[in-house]
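In the numbering used here, the protein residues as written are 18 to 124. Reviewing the structure listed below.
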């Protein structure tokens, strides 16, 4: 676990119950981390490469819908080329979000 003491406090306002949160942690985040082919650090967050497939796009949609309940400060961007085999998912946020993104979502 990284030391986030020097980073600003972010507005993490989760509207999920403890049981819902635990299920999300156990299932969705594990599925996300397992699907990631490559991770690259950006200036304000991370770029995750996943296979360009129906299952990856469904996973990213579910991921974004759940994360907006806890981390409304996050920014999501999905990019794909029609002829490519990967989809890029960029996860960024305001100053201080990068450490939290790394801790929660990166392998």
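Backbone N, C-alpha and C fix where the C-beta goes; we use that ideal spot for every residue, glycine too.
Query - Cβ-based burial, residue 57 [other Cβ within 10 Å; buried from 16] - result: exposed
Report task. Could you tell me whether the Cβ atoms of residue 66 and residue 123 are closer together than 8 Å? Result -> no
Query raised in the report: Roughly how far, in whole angstroms, is the beta-carbon of residue 109 from the beta-carbon of residue 61, given that I think they are within contact range, below 8 Å?
Result: 4 Å
Query - Alpha-carbon spacing of residue 92 relative to residue 102, whole angstroms - result: 23 Å
Query raised in the report: In chain order, what residues of the same chain have a beta carbon less than 8 Å from the beta carbon of residue 18, not counting five sequence neighbours either side?
Result: Reliability of the predicted coordinates at residue 18 is poor, the pLDDT of 42 falling under 50, and the value obtained from them is presented with this limitation in mind. Same-chain partners within the cutoff: 120.
Report task. Have a look at residue 117 and residue 81 and give me their C-alpha separation to the nearest angstrom. Result -> 16 Å
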